[in-house]
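Numbering (the working numbering), first residue to last: 25 to 255.
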């Protein structure tokens, strides 16, 4: 699995679990609208409820949203044209400085191309919703959410020069891969036990078997602390 992080905040923005299209200046990431439901049964956590209480003991909660946003804990923010221009000018300066340090051959193309892309964003700013990474670092990347012409299919745009690519192939990134594997599985099975059982080998996730073991020890213990019954 490949994870894309903001080079300023270090926040995880998206992964290759989604359909990713790479352009000259953006990664375009297609997602889908989802609703995730968790069911809780009080009788399964040791409570001796009466028949009437048991009927009332089954609770459920649900959350709806775009899977990219939910999986990577992106946080919504907002801009008008003036606010966005203030933000993007400082952000572009920061990215340019990173490129001058790490990839100087890219600076000229980035500087020229980014200007036209920003103009397009500003011209259509009412079409977008804006999302920061989990830490909500005001200096970090802001992803753009829009919808296809069908009005149903969501996609997000991320400046590719503002991202670092992390592959889950080393011991240092193994923990991150576990987390990403878990989140991918959770998107289809929003229940700790079901998610663990469903974590079958997935394409491009080399450490998936280790991820199962990691999930069993970490997340199931976490669920116990939150008074879930683990089967």
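Glycine included, C-beta positions come from ideal geometry on N, C-alpha and C.
Asked: When the distance is taken between beta carbons, is residue 156 closer than 9 angstroms to residue 35?; Found: yes
Asked: Would you kindly check if the distance between the Cβ of residue 179 and the Cβ of residue 165 is under 9 angstroms?; Found: no
Asked: In whole angstroms, what is the alpha-carbon distance linking residue 127 and residue 48?; Found: 15 angstroms
Asked: Find out if the Cβ-Cβ distance for the pair residue 109, residue 146 is shorter than 9 angstroms.; Found: yes
Asked: Just tell me which of 171, 61, 138 and 159 has its CA closest to the CA of residue 100.; Found: 159
Asked: Report the partner residues of residue 38 according to the DSSP bridge assignment.; Found: 28
Asked: Run through DSSP, which three-state label would residue 165 get?; Found: coil
Asked: Excluding the 5 residues flanking residue 149 on each side, which residues of the same chain have their C-beta closer than 8 angstroms to its C-beta?; Found: 103, 104, 105 and 108
Asked: Can you tell me where the alpha helix (DSSP H) with residue 160 in it begins and where it stops?; Found: No alpha helix (DSSP H) holds residue 160; DSSP gives it neither H nor E.
Asked: So if DSSP puts residue 51 in a beta bridge, which residue, or which two residues, is it bridged to?; Found: 46 and 182
Asked: Using the C-alpha atoms, what's the distance from residue 43 back to residue 120?; Found: 27 angstroms
Asked: Is residue 151 buried or exposed, if buried means 16 or more other CB atoms sit within 10 Å of its CB?; Found: exposed
Asked: With DSSP as the reference, please indicate the residues paired to residue 171 in a beta bridge.; Found: 178
Asked: If you drop the 5 nearest sequence neighbours on each side, which residues of the same chain put their C-beta closer than 6 angstroms to that of residue 59?; Found: 86 and 88
Asked: Could you give the DSSP three-state label for residue 97: helix, strand or coil?; Found: coil
Asked: Is it buried or exposed, residue 176, if we count other Cβ atoms within 10 angstroms and call 16 or more buried?; Found: exposed
Asked: Under 9 angstroms, do residue 46 and residue 115 count as touching if we go by C-beta distance?; Found: no
Asked: Measuring only the C-alpha atoms, how far is residue 230 from residue 57?; Found: With a pLDDT of 42 at residue 230, under the threshold of 50, the modelled position of this residue cannot be trusted; read the value that follows with caution. Near 27 angstroms, if we compare the C-alpha coordinates of residue 57 and residue 230.
Asked: Quick check on residue 140: does DSSP put it in helix, strand or coil?; Found: helix
Asked: Assign residue 140 to buried or exposed, taking buried as 16 or more other Cβ atoms, counted over all protein chains shown, within 10 Å of its Cβ.; Found: exposed
Asked: Kindly indicate the opening and closing residues of the alpha helix (DSSP H) around residue 113.; Found: 105 to 126
Asked: Thinking C-beta only, is residue 28 closer than 9 angstroms to residue 189?; Found: yes
Asked: Express the C-alpha separation of residue 98 and residue 161 in angstroms, rounding to a whole number.; Found: 11 angstroms
Asked: In angstroms with no decimal places, state the Cα-to-Cα distance between residue 186 and residue 167.; Found: 11 angstroms
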